[in-house]
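Yeah, the sequence shown ends on 282 if you go by this note's numbering, and it's all consecutive. Don't be surprised by glycine CBs; every beta carbon is placed ideally from N, CA and C.
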Amino acid sequence: MITNQTREPAIRVQGIQKSYKDLQVLRGVDFDVQPGSIFALLGSNGAGKTTLIRILSSLLKADAGSATVHGFDVATKPGDVRESISLTGQFAAVDEVLTGRENLVLIAKLRHLKNPGAVADDLLARFSLTEAGKRRAITYSGGMRRRLDIAMSLIGNPPIIFLDEPTTGLDPQGRIEVWQTIKELADGGTTVLLTTQYLDEAEQLADRIAILHQGVIIQNGTLAELKQLLPPAKVEYVEKQPSLEDVFLTLVGETGEPTDAVPADAAATAGKESR
Ligand SMILES: Nc1ncnc2c1ncn2[C@@H]1O[C@H](COP(=O)(O)OP(=O)(O)OP(=O)(O)O)[C@@H](O)[C@H]1O
Ligand SMILES: [Mg+2]
């Protein structure tokens, strides 16, 4: 296991501010992300998640504050930052006319890697896409397309990856597949900063969770720390109704890891999925 305590953060965000004309989106955002961890940035539509990701990827300039990524200042060392990261945007960048393998080979060639075919085959295997790799991406399910998109962004082995809403629009099985992929990345030592609007996604994946609200981080902690912010659970009788997701996954069967979708304290959290 990597001991992170003594290492400098993979990502350090200090006092970042950003406005679009009169609209003040980020009003002083601060957080650190430790190397090899999964950090989830939670926020509603329009909270400024994509804006922050664009600033950290050096695609957009902040109005104030500073940020370092892999030790490089995003404002003064954008080239080094871009070499240290991959960005999987909110909308998939896969070319549908090409096969999965051709998509990967294309990116590997663009990055001037020595053996593009071998790089592609390795990634296809890692992402369980070896068979599908021969087919055009237009025939892929949403989950497969997302996995291919993430695989493409890993070419060149960047130490830090940004995933902007990696599972938006996927069905529950597709989401579980992508979650598994993200966990494996972090297990391999990659630092992952992801944004999501799905609370369960952050709950499943993240080592730390930060909530971006009205331009600032209003909470930042582990899941256990965030849960402690609320008063201790009252013991009361609640009829636990399975969520539609529980029913769906039970009927269809999960492809991912064993489920712990129904926690021991299910009664206390009953209704969290009610819509
Ligand atoms: N280029 C731009 N020009 C003007 N306003 C913008 C621009 N980009 C984003 N905004 C506005 O800034 C705010 C934050 O947008 P942003 O895309 O960062 O939010 P988000 O948290 O990623 O939202 P979502 O969950 O919908 O993806 C929104 O009100 C958006 O309309
Ligand atoms: Mg966004």
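- One alpha carbon belongs to residue 139, the other to residue 131, and they sit about 8 Å apart.
- Taking every protein chain shown into account, the CB of residue 191 has fewer than 16 other CB atoms within 10 angstroms, so this residue is exposed.
- Secondary structure at residue 217: strand, using DSSP grouped into helix, strand and coil.
- Ligand 2 has no heavy atom closer than 6 Å to the beta-carbon of residue 95.
- Taking 6 Å as the cut-off, the C-beta of residue 203 does not count as close to any heavy atom of ligand 1.
- Membership of residue 73 in the beta strand (DSSP E) is indicated by the continuous run 71–76.
- Distances taken from the Cβ of residue 25 to the heavy atoms of ligand 2 include none shorter than 6 Å.
- Here residue 229 really is in contact with residue 214; their C-beta atoms are around 7 Å apart, less than 8 Å.
- Counting C-beta atoms within 10 angstroms of its own C-beta, residue 119 has fewer than 16 neighbours from the protein chains shown and is therefore classed as exposed.
- Under DSSP, residue 226 forms a beta bridge with 218.
- Taken in chain order, the unbroken stretches of beta strand (DSSP E) that lie wholly in the segment 85–119 and span 3 residues or more are 92–95.
- Inclusion of residue 145 and residue 103 in the CB contact set at 7 Å is warranted, their separation being smaller than that value.
- In the structure shown, residue 178 adopts coil according to DSSP, grouped into three states.
- By the neighbour-count definition (other C-beta atoms within 10 Å, threshold 16), residue 188 is a buried residue.
- Per the Cβ contact rule, the segment 50–61 is not in contact with the segment 111–128 (fewer than 3 Cβ pairs under 8 Å).
- Look at residue 57: its beta carbon is less than 6 Å from one of the heavy atoms in ligand 1.
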